[in-house]
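Have a look at the structure below before the remarks.
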Amino acid sequence: MLQTCKKLVDVKSKGLGLVGTETDYLRALLDAMANMDRCVEVEVLKTLGDVNLDKGRLGKNPEKFERAMVLYRTALLRCEDADVGEILEYRYRYAEKLRLRKQPNASSSYEPLTGDKKMSSLSIAEKLLHLDRKLTVVGKKETLLLIEYTKLVVEGIVNGDTMLETEALKSLGDVYLKRGTRTKDSTNLTKATALYNTALSRCEGFQGKVVLIHRLKYTARIRQESTRIQKKRYALALEAIDQQHNPYQYDEDDPAMITVEAERAEAVKVLLKNIAKDRQSFIHDLVDECTDALGPPPSLTDAGSDNIKRSEILRELGFFWVFFGDATKGISLLEESLSICKSTNWYNTAHPDIVASLYHELGWSWGELGDHKKAVSFYERSLSIMNAIYGDNKSHPGIASLLNNLGLSWSQLGDQNEAIRCYEKSLRMMKTIYGDNTAHPHIAESLDNLGVSWRILGDQKKAITYFEQSLTTRKTIYGDNTAHPNIAKSFGNLGAAWSKLGNGKKAISYCEQSLAMMKTIYGDNKAHPDIATSLNNLGSSWGDLGDRKKAISYLEQSLMMAKTIYGDNTAHPDIAGPLHNLGLCLNELGDHKKAISYYEQSLSMTKTIYGNNTAHPDIIASLNNLGSSWGELGDRKKAISYFEQSLMMAKTIYGDNTAHPDIAGPLHNLGLCLNELGDHKEAISYIEQSLTMRKTINGDTTAHPDIAAALNSL
1 MLQTCKKLVD VKSKGLGLVG TETDYLRALL DAMANMDRCV EVEVLKTLGD
51 VNLDKGRLGK NPEKFERAMV LYRTALLRCE DADVGEILEY RYRYAEKLRL
101 RKQPNASSSY EPLTGDKKMS SLSIAEKLLH LDRKLTVVGK KETLLLIEYT
151 KLVVEGIVNG DTMLETEALK SLGDVYLKRG TRTKDSTNLT KATALYNTAL
201 SRCEGFQGKV VLIHRLKYTA RIRQESTRIQ KKRYALALEA IDQQHNPYQY
251 DEDDPAMITV EAERAEAVKV LLKNIAKDRQ SFIHDLVDEC TDALGPPPSL
301 TDAGSDNIKR SEILRELGFF WVFFGDATKG ISLLEESLSI CKSTNWYNTA
351 HPDIVASLYH ELGWSWGELG DHKKAVSFYE RSLSIMNAIY GDNKSHPGIA
401 SLLNNLGLSW SQLGDQNEAI RCYEKSLRMM KTIYGDNTAH PHIAESLDNL
451 GVSWRILGDQ KKAITYFEQS LTTRKTIYGD NTAHPNIAKS FGNLGAAWSK
501 LGNGKKAISY CEQSLAMMKT IYGDNKAHPD IATSLNNLGS SWGDLGDRKK
551 AISYLEQSLM MAKTIYGDNT AHPDIAGPLH NLGLCLNELG DHKKAISYYE
601 QSLSMTKTIY GNNTAHPDII ASLNNLGSSW GELGDRKKAI SYFEQSLMMA
651 KTIYGDNTAH PDIAGPLHNL GLCLNELGDH KEAISYIEQS LTMRKTINGD
701 TTAHPDIAAA LNSL
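At position 306 of the sequence shown the residue is numbered 306 (our numbering), and the sequence of numbers has no breaks.
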């Protein structure tokens with residue numbers, strides 16, 4: 001009953017007047033009939049009776065009281081709740097009393113169901129046909145038709161015209177059947193079935209029943225046909241894979257057979273993933289449809305049910321939804337499971353590790369949604385419980401995994417030092433668990449993550465050491481010549497680090513190996529995030545080597561692929577990165593206005609991703625490069641403003657006295673601008689600070705382009 005009230009309360013609160021309100025109740029009645037929700041149907045009929053009662057009182061129209069009485073009585077006949085039945089009887093008597101006041105000579109035993117208002121079958125057919133033609137001309141046919149047919153259902157009820165009510169219900173079913181056939185949406189077919197069944201229960205004529213049974217069978221066939229077409233599509237896709245990747249055309253000892261077999265396996269894997277996605281979507285719709293019609297499953301909501309079992313089911317469902325891409329729904333279920341755990345003494349005393357796992361899963365889920373602050377909060381709560389169970393210094397696989405994920409979130413939030421602390425602790429733990437010299441995927445991942453954080457902090461040499469260890473470990477695990485995403489990832493990371501060290505040729509070599517491997521794994525023309533990243537890294541490396549045109553070609557491919565994957569207007573790091581790098585190339589080619597346009601798009605996107613007031617390395621880079629382009633265009637004041645914002649943000653992240661490329665860059669650029677404005681002493685001070693920092697980062701005697709640039713500027 002509470003759900004019913006919630007469905008109707010919005011209508012009452014709109015304050016649209018009686019006519020507008022009645023239209024909304026007609027929509028509610030249609031939904032109730034289409035969902036076979038008898039409780040809501042009774043409530044709407046009762047409320048429509050109330051609307052007519054109000055109209056009768058306001059307009060002093062006795063006929064409205066008669067309509068109200070019929071609606072109350074119909075609701076009473078369909079009502080299965082004794083309490084609601086009493087209310088309906090009271091309303092019926094009250095409406096009758098008001099009618100007698102307006103018509104003192106009327107019989108107190110008024111029978112509203114009279115035959116004189118009933119329509120012939122021909123009149124009904126003409127009325128429905130006229131309605132259909134009229135609304136076809138008007139446009140918005142389906143929406144208006146649904147309301148008008150629902151009005152006819154009510155008219156049939158009020159006039160006791162069962163034939164009109166039945167035909168109107170059948171016509172409503174026809175609208176949903178056409179919509180379902182057109183859109184292939186099973187929800188519409190379900191509604192059509194419900195309305196035909198309701199019409200069948202009202203129908204009195206044999207021929208009418210035959211027609212409705214035919215409609216029901218036809219709807220079932222449409223549903224089956226949809227399934228058949230889908231199965232045929234899958235069969236054709238599998239046939240295409242067999243033709244494209246046929247390993248049996250080669251001899252058993254032919255090396256090409258292994259490659260083709262691997263390609264076929266990958267193609268089948270992609271097809272199976274698509275099938276699973278389709279089934280997931282179908283189950284999702286089915287569960288939502290059942291929940292809308294019946295309410296949440298009693299086993300998940302009944303206070304008297306087994307709390308432990310409920311919590312486990314909710315947890316499994318939550319993890320399922322997060323894993324298949326609906327993190328919001330998953331988090332809702334995981335939080336409900338956690339709430340039950342915290343209120344159940346059995347979990348707190350016998351199995352606190354389950355509570356810790358739920359906190360861990362919630363942290364991972366919030367990370368998937370991009371809210372890393374929330375993720376850190378849940379990870380730390382999980383870590384606190386795990387340490388209490390196993391001890392602060394205990395090497396445990398769950399704690400090691402948790403520390404690694406905590407490090408990833410700290411890295412996303414820009415705190416690389418905290419990330420490194422977590423990664424190092426996780427790595428020590430994993431080596432204790434699996435063995436110091438064991439090649440294990442978790443050890444390789446921790447090494448890789450350490451490399452990423454050191455690269456962001458500007459220590460490229462240390463980063464390369466970790467990336468090389470990770471690559472060696474991964475080759476030991478998967479094979480020296482195996483195409484594997486994790487090996488390709490290590491190549492890409494090494495390429496990015498060597499690019500930052502100024503060794504463009506080495507960087508390009510690694511980036512090309514990464515891209516070739518990704519294409520072997522996913523396919524030459526496949527739009528995949530890993531391929532988009534490899535293209536971006538390769539473009540960036542060619543840019544660092546001075547071949548801007550080649551760089552732009554790769555960056556544009558990366559940008560196009562990222563937009564294909566995530567959407568044209570989505571704010572995503574894989575789109576912001578190529579935009580920023582295209583700006584760098586165009587700036588070097590002298591097209592500063594176009595460069596500014598790309599930088600601004602990238603800056604806007606990174607602020608959307610990380611927050612307007614968040615200090616983040618990607619925002620620092622955009623601000624610094626915007627300053628450079630405005631400086632090239634001669635607007636020194638605007639340039640200085642961007643450089644100062646960039647410098648302040650970099651010091652916020654890395655510390656005032658830390659030697660870091662993100663601090664050295666704006667210092668050098670501020671020096672150049674001040675020199676152009678004639679403040680040579682201040683300019684020398686900034687450039688000297690930048691030079692000292694560059695030497696600290698790259699080595700005092702290292703030949704590096706950034707050191708050369710600072711010396712040249714001085």
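No residue lacks a Cβ here, since even glycine has one placed at the ideal position from N, Cα and C.
Please read these numbers as outputs of a predicted model, since none were measured by experiment.
Use the C-beta contact count for His668: other C-beta atoms within 10 angstroms, 16 or more gives buried, fewer gives exposed.
Counting Cβ neighbours within 10 Å, His668 comes out buried, since at least 16 surround it.
Do the CB positions of Ala82 and Tyr176 come within less than 8 Å of each other? With a cutoff of 8 Å on beta-carbon distance, Ala82 and Tyr176 are scored as not near each other.
Close-in-space but distant-in-sequence residues of the same chain around Gly665 (CB under 7 Å, 5 per side omitted): Here the set comprises Asn624.
ask   = Is the segment 656-665 close to the segment 416-426, with three or more CB pairs under 8 Å?
value = Flag = no, the segment 656-665 and the segment 416-426 do not touch.
Should Gly546 be labelled buried (16 or more other beta-carbon atoms within 10 Å of its own) or exposed?
With fewer than 16 Cβ atoms within 10 Å of its Cβ, Gly546 is classed as exposed.
Cutoff 6 Å; reference Ile609; Cβ partners in own chain excluding five residues on either side: So the qualifying residues of the chain are Ala571.
Beta carbon of Arg487, beta carbon of Pro529: below 8 Å? The identity of residue 487 in the sequence shown is Ile, whereas the question assumes Arg. Against a cut-off of 8 Å, the Cβ pair of Pro529 and Ile487 comes out as no contact.
Original post:
Between which two residues does the alpha helix (DSSP H) harbouring Lys526 extend?
Top reply: Counting along the chain, Lys526 falls outside any alpha helix (DSSP H), and DSSP gives it neither H nor E.
- Give the C-beta separation of Ala595 and Ile575 to the nearest angstrom, bearing in mind that I take them to be a contact with Cβ-Cβ under 8 Å. The pair is not a contact, with the Cβ atoms about 17 Å apart (cut-off 8 Å).
Practice item. Entirely within the segment 423-465 and at least 4 residues each: give me those alpha helix (DSSP H) ranges in chain order. Key: Listed in chain order, they are 441-456.
Quick one: any contact between the segment 162-170 and the segment 38-48, if contact means 3 or more CB pairs under 8 Å?
The segment 38-48 and the segment 162-170 do not touch, with fewer than three beta-carbon pairs separated by less than 8 Å.
Exercise. Following the continuous alpha helix (DSSP H) through Leu494, name the residue where it begins and the one where it ends.
Key: Counting along the chain, the alpha helix (DSSP H) containing Leu494 begins and ends at 485-500.
Handout entry: Residue-chain proximity (Ala709, chain C), Cβ-Cβ < 8 Å
Key = As a matter of chain content, chain C is missing from the structure shown, which is built from one protein chain.
With the cut-off set at 8 Å, would you say Arg315 and Leu358 are in Cβ contact?
Leu358 sits close to Arg315, with the two beta carbons spaced by under 8 Å.
Task: Member of Glu261, Tyr642, Arg67, Leu383 whose CA lies at the smallest distance from the CA of Ile241 - done: Out of Glu261, Tyr642, Arg67, Leu383, Glu261 has the C-alpha closest to the C-alpha of Ile241.
Checklist entry - What separation, rounded to the nearest whole angstrom, lies between the Cα atoms of Lys638 and Ser690? => result If I take the Cα positions, the gap works out to 21 Å.
DSSP on Ser395, reduced to helix/strand/coil? Here Ser395 sits in coil by DSSP.
Just checking my contact of Leu317 with Leu333 at CB under 8 Å: how many whole Å lie between their CB atoms?
-> Confirmed, Cβ separation roughly 5 Å.
Just to confirm my understanding: we take Lys209, look at its own chain, exclude 5 residues before and 5 after, and list those with CB closer than 8 Å. What are they? Counting only Cβ-Cβ distances below 8 Å, and skipping sequence neighbours, we find Leu200, Cys203.
Between Leu674 and the rest of its own chain, which residues show a CB-CB distance below 6 Å, the 5 nearest in sequence each way excluded? In its chain, beyond the 5 residues on either side, Glu682, Ala683 have a beta carbon closer than 6 Å to the beta carbon of Leu674.
| said: On the criterion of 16 or more Cβ atoms from any shown chain inside 10 Å, does Pro578 qualify as buried, or is it exposed? | reply: By the Cβ-count criterion, Pro578 is buried, with 16 or more other Cβ atoms from all chains shown falling within 10 Å of its own Cβ.
- Endpoints, alpha helix (DSSP H) assigned at Pro247: For Pro247, no alpha helix (DSSP H) run applies, since DSSP gives it neither H nor E.
Item to check | Opening and closing residue of the alpha helix (DSSP H) in which Ala327 lies | outcome: For Ala327, the enclosing alpha helix (DSSP H) has its first and last residue at 327-343.
Looking only at its chain, what residues have a beta carbon closer than 6 Å to the beta carbon of Tyr466, apart from the 5 residues adjacent to it on each side? Within the same chain, Tyr466 has close Cβ partners Leu447, Leu450, Gly451.
*Span of the alpha helix (DSSP H) around Glu252*: Note, Glu252: premise wrong, no alpha helix (DSSP H); not H, not E.
Practice task
On a CA-only basis, which of Val70, Lys97, Gly59, Ile552 is nearest Thr47? Give me that one, please.
Solution key: Out of Val70, Lys97, Gly59, Ile552, Val70 has the C-alpha closest to the C-alpha of Thr47.
Worksheet item: Any idea if Gln3 is buried or exposed, counting beta-carbon neighbours within 10 angstroms, 16 or more meaning buried?
Response: Since pLDDT at Gln3 reaches only 48, below the 50 mark, its modelled position is unreliable, and the value read off the structure follows with that caveat. It is exposed - the Cβ of Gln3 has fewer than 16 other Cβ atoms within 10 Å.
Applying the 10 Å Cβ sphere with the 16-neighbour rule, what's the burial state of Pro255? Counting the other Cβ atoms within 10 Å of the Cβ of Pro255 gives fewer than 16, which makes it exposed.
Mind checking which residues open and close the alpha helix (DSSP H) that includes Asn159?
In the DSSP annotation of this structure, Asn159 is not part of any alpha helix (DSSP H), being labelled neither H nor E.
Spell out a yes or no on whether the segment 52-68 and the segment 220-235 are touching, meaning 3 or more CB-CB pairs, one atom from each, closer than 8 Å.
-> Because the criterion of three Cβ pairs below 8 Å is not met, the segment 52-68 and the segment 220-235 do not touch.
Could you tell me the alpha carbon to alpha carbon distance between Leu494 and Gly458, rounded to whole angstroms? Cα to Cα, Leu494 sits roughly 14 Å from Gly458.
Handout entry: Cβ-Cβ separation, Glu512 to Leu538 (assumed contact under 8 Å), whole Å
Key = Confirmed, Cβ separation roughly 7 Å.
Item checked: Where Cys203 falls: helix, strand or coil (DSSP) -> Reduced to three states, the DSSP call for Cys203 is coil.
Pull up the distance between the alpha-carbon of Ala496 and that of Glu336, whole angstroms please.
Whole-angstrom Cα-Cα distance: 43 Å.
Thr702 in three-state terms, based on DSSP:
In this structure, Thr702 counts as coil in the three-state DSSP scheme.
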